[in-house]
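Q:
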Amino acid sequence: LCHMYLRQYDSSIDCFTKANAIQRHDVTFMQLGKVYALQEDYKSAIDVYTEALEFSPEHAELLTTLGILYLRMGENFKAFDYLGNALTHDPKNAKTILAAGSIIQDHSDMDVALIKYRVAAVHTPNSAQLWNNIGMCFFGKTKYVAAIACLKRALYLDPFEWIISYNLGLVHLNTGQFASAFHFFSASINLKPDFPSSYMYLAITLSRLDDFSNACSAYEKAIEMDSDHMFHLNFAITLFNHGDLTEARRQFVLFSDLFQQLDEEQRNSDPEVNEQRQLLQRVLNSGAK
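Number 297 marks the last residue of the sequence shown (my numbering); no jumps.
#1: If you follow the alpha helix (DSSP H) that residue 341 is part of, which residue opens it and which one closes it?
#2: Over the uninterrupted alpha helix (DSSP H) stretch that includes residue 161, give me the two end residues.
#3: Under DSSP, the alpha helix (DSSP H) around residue 115 begins and ends at which residues?
#4: Which whole-angstrom value is the C-beta distance of residue 275 and residue 267, which I expect to be below 8 Å?
#5: Beta carbon of residue 255, beta carbon of residue 262: below 8 Å?
#6: Look up residue 280 in the DSSP assignment and say whether it is helix, strand or coil.
#7: To test your reading of the DSSP string, which unbroken alpha helix (DSSP H) runs of 4 or more residues are found completely within the segment 64-90?
#8: Starting from the C-beta of residue 194, find all residues in its chain whose C-beta is less than 8 Å away, skip the five residues before and the five after it, and write them out in chain order.
#9: Taking the alpha carbon of residue 50 as the point to measure from, which residue in 62, 83, 223 and 66 has its own alpha carbon closest?
#10: Write down the C-beta distance between residue 186 and residue 217 rounded to the nearest angstrom, noting that I regard them as a contact closer than 8 Å.
#11: Would you call the segment 61-75 and the segment 92-112 in contact, with 3 or more CB pairs under 8 Å?
#12: Say whether the segment 121-130 touches the segment 155-175, bearing in mind that this needs 3 or more beta-carbon pairs closer than 8 Å, one atom from each stretch.
#13: Assign residue 44 to one of two classes, buried (16 or more other C-beta atoms within 10 Å of its C-beta) or exposed (fewer than that).
#14: Checking 8 Å against the spacing of the C-beta atoms, do residue 37 and residue 57 come in under that value?
#15: My guess is that residue 113 and residue 141 are in contact by the Cβ rule of under 8 Å, so how many angstroms apart are they, rounded?
#16: In chain order, what residues of the same chain lie with their CB nearer than 7 Å to the CB of residue 220, ignoring the 5 residues before and after it?
#17: Taking Cβ to Cβ, would you say residue 156 is nearer than 8 Å to residue 179?
#18: Mapping DSSP to helix, strand and coil, what is residue 58?
#19: Residue range of the alpha helix (DSSP H) that residue 148 falls in?
#20: Nearest to residue 165 by CA position, among 175, 135 and 18, is which residue?
#21: Beta-carbon separation of residue 47 and residue 17 under 8 Å?
#22: Can you say whether residue 21 is buried or exposed, counting buried as having 16 or more other CB atoms within 10 angstroms of its CB?
#23: From residue 282 to residue 272, what does the alpha carbon distance come to, in whole angstroms?
#24: Residue 18 lies in the alpha helix (DSSP H); which residues open and close that run?
#25: Under DSSP, the alpha helix (DSSP H) around residue 184 begins and ends at which residues?
#26: Do residue 154 and residue 131 have their C-beta atoms closer together than 8 Å?
Written out as structure tokens, the structure reads:
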């Protein structure tokens, strides 16, 4: 443990492995897996926790931790399987409910997720992450007043959690409160400056506030960090709306190249993107004639 807190991870792994060789114990497995997770070696962490489950198959915390690791790796089905198993042994564990609810929420089943979160709220009423997720459920149901109320409660509970400010920015952008959206996206960027989508949404907000120059700078920053097809599409739309057709066409070509590299499922996952793509292509072509 001392080596772990000193970030001497190799020494920590060695000590925990020796401890397990002498006598296997749940706590040792948990800490060994945690060290691997701190190094972002999720595969090794999963191997450790899976071995621990052979030793203690009904350990709810182990099952939850495995579920969360699979969730981080984007393997939602495996994650949900482990989290569901954990809930059979400890149905009121707020951490497990929160993780399972987030998967349900990702599949757009907001009502079921809210039912799960209601159980968690009884046990952890002061969890910022819980109120953040509840807020985004209401956002998914287009209940914006409730979404803002829940997200502001989350922000009060944890003012330095960047994702809460980011989500508040999204809700205010959707409700046309652009000055407030600018405030929350700026706060999110100050807390986590390496998340490129924050710059894209900040750029959209600045464009709505008629600050074209800074909007372009924000788009360029987002693209510099990650050349996502959505960054180029939104940049092209902003450029077109402000009359810069030449640069709009260039950004649209970059978007099209990236969009064609996606598989068919990804290309059809958001109908609004296809609608915007076709509309922009039409107006750019007509403007060229």
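Every residue gets a Cβ at the ideal spot worked out from N, C-alpha and C, and that includes glycine.
Since the structure is predicted, the reported quantities are computational estimates derived from the model, not experimental observations.
A: Concretely, from the data shown:
#1: Any property of residue 341 remains undetermined from this structure, which presents the chain solely from 9 to 297.
#2: 152-165
#3: Counting along the chain, residue 115 falls outside any alpha helix (DSSP H), and DSSP gives it neither H nor E.
#4: 7 Å
#5: no
#6: Here residue 280 sits in helix by DSSP.
#7: Within the segment 64-90, the complete alpha helix (DSSP H) runs of at least 4 residues fall at 68-80.
#8: 210
#9: Looking from the CA of residue 50, the closest CA among 62, 83, 223 and 66 belongs to 83.
#10: 5 Å
#11: yes
#12: no
#13: With 16 or more other Cβ atoms inside 10 Å of its own Cβ, residue 44 counts as buried.
#14: Yes, these two residues count as a Cβ contact at 8 Å.
#15: 6 Å
#16: 250
#17: yes
#18: helix
#19: Residue 148 -> alpha helix (DSSP H) spans 136-148.
#20: The residue with the shortest Cα to Cα distance from residue 165 is 135.
#21: yes
#22: buried
#23: 12 Å
#24: 17-30
#25: First-last for residue 184: undefined, no H or E at that position.
#26: no
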